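If you count by our numbering, then the sequence shown holds residues 87 to 389, one letter each, in order.
For each residue, glycine too, the CB sits at the ideal point set by N, CA and C.
Note that this is a predicted model, so its numbers are computed, not measured.
Presented below is the structure to which this report refers.
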Amino acid sequence: MKFNLKGVDLNLLTVFEAIMETGQLSKAGDLLGMSQPAMSAALQRLRVTVDDPLFVRSRQGMEPTPRAVEWYQAISPALTQIRMSLESRKDPKPGESQRVFTLLAGDYFESVYLAPLLETLQAEAPGISLNLLTVSADGLPQDFKAGKADFAIHYQEPDESGLDFVSVGEERLVVIARKDHPRLGGGLTVDNYCQERHVIFAVNGQQSFHLDILMGKQRPKRSILARVSHFNSAATIIETTDAICTIPERLAAVLMARFAVEAHPFPLEMPAVPKKLIWPSALAANPLHRWFREKLVELILSR
87 MKFNLKGVDL NLLTVFEAIM ETGQLSKAGD LLGMSQPAMS AALQRLRVTV
137 DDPLFVRSRQ GMEPTPRAVE WYQAISPALT QIRMSLESRK DPKPGESQRV
187 FTLLAGDYFE SVYLAPLLET LQAEAPGISL NLLTVSADGL PQDFKAGKAD
237 FAIHYQEPDE SGLDFVSVGE ERLVVIARKD HPRLGGGLTV DNYCQERHVI
287 FAVNGQQSFH LDILMGKQRP KRSILARVSH FNSAATIIET TDAICTIPER
337 LAAVLMARFA VEAHPFPLEM PAVPKKLIWP SALAANPLHR WFREKLVELI
387 LSR
């Protein structure tokens, strides 16, 4: 038997969502155009409706209870679907849209694909803009499937409901070193790889591409010279030192055109790294989102 929603004020759901996302009653009120007394009254009605305090005040703001976290994960995708359904009725054509697409992609995507993607958008949809965020080494954020970002590029396919994905190729790893490196004239060997100092690309202290995980039991012990957050920074170090760096092959081609570095085959047998384009299921049916998704797939597979 369906739960009767007649006695439930569904406007309270947007109040709950705003408090969850801002962490403060006043900021949530500003977001919704409601006064703080009105927000407090709405929160109290919501607490009575669900029979849970939902939030506890702390120095950091409004801390959600476990029930609130669980509830947010359940209703946020539904609210996103409702918004997208209503917006799709008036969704403009790509060439007329002013939409901002948010991508969780990181420095690799920016270096290899961003320029050609922007070139395509300038030609076909000049009003569309991009917001690029870094993918955490821990994986996709909890609110991704709720539609808080449009797409993510990741090496693992999602293992939970609420997310769709498509494979967009794979990436071989190579090792870049400065040209005329004094010890790599005869090629890069496993011994060379272990003996040289390494520059690694890391986000919040965790290495991108999870190289140690990908190499498994055969991973060699490496001496780290520097941890950097951008591939261009790594290339700057590589071309002026004897250090080496393991990166995706397509990125190496970009860096070799800009810096005095050269690429060597990765000295260990290792499978290629898969690439997945992932998006929230709640956004899948939106025409403009689907158009942009097709452009991304076409671009990534063509390069």
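Reference residue i, options the options, closest by Cα
i, options, result
"Gln-242", "Val-101, Ile-105, Lys-361, Val-383", "Lys-361"
"Leu-111", "Gln-130, Asp-95, Val-94, Leu-96", "Gln-130"
"Tyr-279", "Arg-313, Arg-389, Ala-349", "Ala-349"
"Glu-31", "Lys-234, Ser-367, Gly-192, Ala-358", "In the structure displayed, the chain extends from 87 to 389; residue 31 sits before or after that span and is not available."
"Ser-315", "Gly-272, Val-221, Pro-178", "Val-221"
"Arg-336", "Arg-389, Arg-376, Phe-378", "Arg-389"
"Leu-33", "Arg-133, Thr-100, Leu-203, Thr-135", "Because the chain here runs from 87 to 389, residue 33 falls outside it and cannot be looked at."
"Leu-387", "Asn-318, Phe-195, Pro-353", "Phe-195"
"Ser-309", "Thr-332, Glu-282, Asn-318, Leu-274", "Glu-282"
"Arg-258", "Thr-332, Phe-287, Phe-378, Thr-322", "Thr-332"
"Asn-97", "Met-125, Pro-150, Leu-219", "Met-125"
"Pro-351", "Leu-270, Val-340, Lys-307, Leu-363", "Leu-270"
"Pro-139", "Val-254, Trp-365, Ile-105", "Ile-105"
"Phe-317", "Thr-327, Ala-368, Asp-95, Ala-338", "Ala-338"
"Arg-344", "Trp-365, Thr-322, Ala-358", "Thr-322"
"Trp-157", "Val-261, Trp-377, Asp-137, Leu-226", "Asp-137"
"Gly-147", "His-375, Asp-277, Glu-107", "Glu-107"
"Leu-363", "Val-134, Leu-226, Pro-178, Glu-182", "Leu-226"
"Ala-329", "Arg-153, His-267, Val-254", "His-267"
"Gly-272", "Pro-353, Ser-253, Arg-133, Leu-189", "Pro-353"
"Val-340", "Gln-228, Asp-245, Val-260", "Val-260"
Minimum Cβ-Cβ distance from residue i to chain D less than 8 Å
i, result
"Leu-341", "The chain labelled as chain D is not found in the depicted structure, where only one protein chain is given."
Residue i: CB within 7 Å of a non-hydrogen atom of the ligand COA
i, result
"Glu-256", "For the structure depicted, the ligand COA is absent and the ligand set is empty, with no information on it obtainable."
Local Cβ density within 10 Å of residue i, reported as buried at 16 or more and exposed below that
i, result
"Ser-121", "exposed"
"Asn-372", "buried"
"Gly-192", "buried"
"Pro-334", "buried"
"Ala-164", "exposed"
"Arg-145", "exposed"
"Leu-167", "Going by the sequence as given, residue 167 is Gln instead of Leu. Buried, by the Cβ-count rule."
"Ala-114", "buried"
"Asp-85", "What the structure shows of the chain is the stretch from 87 to 389, and residue 85 is not part of that stretch, so it cannot be assessed."
"Ser-197", "buried"
"Pro-357", "exposed"
"Val-276", "exposed"
"Ala-320", "buried"
"Arg-376", "exposed"
Those residues which DSSP pairs with residue i across a bridge
i, result
"Met-148", "Arg-143"
"Thr-237", "According to the sequence shown, residue 237 is Phe rather than Thr. The partner list for Phe-237 (beta bridge, DSSP) reads Leu-189."
"Cys-280", "Looking at the DSSP assignment, Cys-280 forms no beta bridge with any residue, so it has no partner."
"Ile-364", "Ala-238, Phe-251"
"His-350", "Val-261"
"Phe-287", "Val-314"
"Val-134", "Partner(s): none; Val-134 has no beta bridge."
"Val-359", "Glu-257"
"Ser-319", "Ser-319 pairs with nothing; no bridge assigned."
"Lys-309", "In the sequence as displayed, the identity of residue 309 is Ser instead of Lys. Answer by DSSP bridge pairing, in chain order: Arg-283."
8 Å contact criterion, which residue i and residue j should meet: CB distance rounded
i, j, result
"Ala-370", "Asp-250", "5 Å"
"Ala-263", "Val-285", "That belief does not hold up - the Cβ atoms of Ala-263 and Val-285 are roughly 10 Å apart, past 8 Å."
"Thr-151", "Lys-381", "With a Cβ gap of about 41 Å, Thr-151 and Lys-381 do not count as contacting."
"Ala-211", "Gly-181", "6 Å"
"Arg-185", "Leu-374", "6 Å"
"Pro-366", "Lys-179", "Not a contact, Cβ separation roughly 23 Å."
"Glu-149", "Val-155", "About 10 Å; that fails the 8 Å criterion."
"Glu-256", "Val-359", "6 Å"
Could you pull out every unbroken beta strand (DSSP E) segment of at least 3 residues lying fully inside the region 202-236, listed in chain order? 215-219
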